[in-house]
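Q: Throughout, the working numbering is defined as the position within the sequence shown, counted from one, plus 177. For each residue, glycine too, the CB sits at the ideal point set by N, CA and C. Supplied in structure tokens, the structure appears directly below.
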Amino acid sequence: MDGAQTPNTSPVLILLGPPGAGKGTQARMLEEQFGFVQLSTGDLLRAAVAAGTEAGQRARSVMEAGELVSDEIVIAILRDRMAQPDCAKGVILDGFPRTAVQAEALDRLLEETGQKIDAAVSLEVDDAAMVTRISGRYTCGTCGEGYHDSFKQPKAKGTCDKCGGTEFKRRADDNAETVASRLDAYHAQTAPLIAYYKAQGALIGIDAMGEIDDIARKMTAIVKTATA
Ligand code: AP5
């Protein structure tokens, strides 16, 4: 592979955490600050569902039930996205990997490209608070900026701070019943990755129960150190 001849030193950051932990919120802030690309497998899957691709059709009902989409589909989607030129700026993986199989596939992919994981940041939160966070979430329909009914509202009511858009949307899986399944899936299949990345020396745990801006300051410091 070409990448093997010219070492690729683009940063790779992983955000781990249960649904509602703030992975997307923090990833978007880091993207803006450092120029890295936020790669959310949830967003990529929702785009595939909306486009009606074969993978999207297979993923739809699984996502609606709050379960994990098959490793095969997710790894293929992630691999394709990481091969696109903008990812040379560095990537923030938001919601990937989520299983041991995905973590091992990522290790193999990075071995091929010559990259390494600069940090795997685990956002530590209380499950009970996640239902409140998720049930109040909405996003700008134009640029995807995330908001919350109580914790983060646009500065001008009804207008996106980032792009001025006036259409907002809520996710189909953001309801109390599905959130419970998503939390179960996290604890059974994703939480074990904390030990996986600890063993690799890449894990950084962060208390993510505070204010969004305070957590963002901690994240900035972590990223600066990890990518220095
Ligand atoms: P995905 O889209 O990845 O959803 P998730 O992991 O459930 O995470 P969320 O997007 O719900 O939460 P978040 O941590 O990004 O929180 P956010 O920043 O938005 O996955 C959806 C589905 O796709 C999965 O269930 C699965 O089916 C499938 N899937 C995706 N990836 C997969 C994979 N790798 N393998 C298999 N299947 C996969 O914040 C939430 C809200 O809280 C927002 O409103 C925000 O404004 C607010 N908020 C954020 N931080 C704070 C704070 N500190 N204080 C108060 N409010 C806050």
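On a CA-only basis, which of Thr-276, Ala-349, Gly-323 is nearest Cys-340? Give me that one, please.
A: Within the sequence shown, numbered from 1, the residue matching residue 340 stands at position 163. Among Thr-276, Ala-349, Gly-323, the Cα nearest to that of Cys-340 belongs to Gly-323.
Q: Can you give me the Cβ contacts of Ser-358 inside the same chain, cut-off strictly under 7 angstroms, excluding the 5 residues immediately before and after it?
A: Mapped onto the sequence shown, residue 358 falls at position 181. Within the same chain, Ser-358 has close Cβ partners Ala-242, Gly-243, Glu-244.
Q: My understanding is that Ile-254 touches Ala-225, with C-beta atoms under 8 angstroms, so please give their C-beta distance in whole angstroms.
A: Residue 254 sits at position 77 when you count from the first residue of the sequence shown. Residue 225 sits at position 48 when you count from the first residue of the sequence shown. About 7 angstroms; that satisfies the 8 angstroms criterion.
Q: Identify whether Arg-174 lies in helix, strand or coil by the three-state DSSP scheme.
A: Only positions 178 to 405 of the chain appear in the structure, and residue 174 is not among them; the question remains open.
Q: Do the CB positions of Ile-164 and Ala-379 come within less than 9 angstroms of each other?
A: A query on residue 164 cannot be resolved here, the shown segment of the chain reaching from 178 to 405 and no further.
Q: If you run the structure through DSSP and keep just helix, strand and coil, what is Gly-201?
A: Locating residue 201 in the sequence shown gives position 24, counting from the first residue. Helix.
Q: Taking one C-beta from the region 270–290 and one from the region 299–316 each time, how about it: are there three or more such pairs within less than 8 angstroms?
A: Touching, no.
Q: With a threshold of 8 angstroms, are at least 3 pairs of Cβ atoms found where one atom belongs to the region 294–302 and the other to the region 212–220?
A: As far as the Cβ criterion goes, the region 294–302 does not touch the region 212–220, which means the pair count is below three.
Q: With respect to the beta strand (DSSP E) encompassing Thr-186, which residues constitute its N-terminal and C-terminal limits?
A: By one-based count along the sequence shown, residue 186 stands at place 9. Premise fails: Thr-186 is in no beta strand (DSSP E) and is neither H nor E.
Q: When you measure from the CB of Gln-203 to every non-hydrogen atom of ligand 1, does any distance come out below 8 angstroms?
A: Along the sequence shown, one-based indexing puts residue 203 at 26. Yes, ligand 1 has a heavy atom inside 8 angstroms of this Cβ.
Q: Under a three-way DSSP split, which group does Ala-181 fall into?
A: By 1-based counting over the sequence shown, the position of residue 181 is 4. Low local confidence applies: a pLDDT of 49 at Ala-181 is under 50, so the model's placement there is unreliable, with the coordinate-based value given in what follows. Looking at Ala-181 - three-state DSSP - the assignment turns out to be helix.
Q: Which residue wins for smallest C-alpha separation from Arg-390, given the options Ser-187, Thr-336, Ala-204?
A: Within the sequence shown, numbered from 1, the residue matching residue 390 stands at position 213. Looking at the sequence shown, residue 390 is not Arg but Asp. Ranking the options by Cα distance to Asp-390, first place goes to Ala-204.
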